[in-house]
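Every number in the working numbering is 156 more than the matching position in the sequence shown, counting from 1.
One structure is given below, encoded as structure tokens.
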Amino acid sequence: MKRYNSTLPPVSQPHRERIFSMRLTDDEREQIETLAKRLNLPDSRMARHFILEAVAYHRKTQRGERVDG
């Protein structure tokens, strides 16, 4: 099994059965892969992290909660 030395704290990943698919241009895919390599993360884990962070951010703003950062 491949190990990743990440800048994110190590977190046990749950078993996932659902797939979310999206179309990307070659340039978009390259940008994602480049950043994932720089962060020493699998590209799917990094993309999942950013998507879920964006969802959490927008959920908070819709509730009128303060969002730091």
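No residue lacks a Cβ here, since even glycine has one placed at the ideal position from N, Cα and C.
Counted within 10 angstroms of its Cβ, other Cβ atoms place residue i as buried (16 or more) or exposed
i: MET202; result: buried
i: LEU208; result: exposed
i: MET157; result: Interpretation of MET157 is limited by its pLDDT of 41, a score under 50 that renders its predicted location unreliable; no figure is taken from the coordinates.
Residue i, DSSP secondary structure in three states
i: ILE175; result: coil
i: VAL211; result: helix
i: ASP224; result: coil
i: GLN218; result: helix
i: MET157; result: Unreliable positioning characterises MET157 in this predicted model, as indicated by a pLDDT of 41, which lies under 50. A coordinate reading is not provided.
Assumed close pair residue i, residue j - CB separation to whole angstroms, cut-off 8 Å
i: GLU186; j: ASP199; result: Rounded, the Cβ-Cβ distance is 11 Å, inconsistent with contact.
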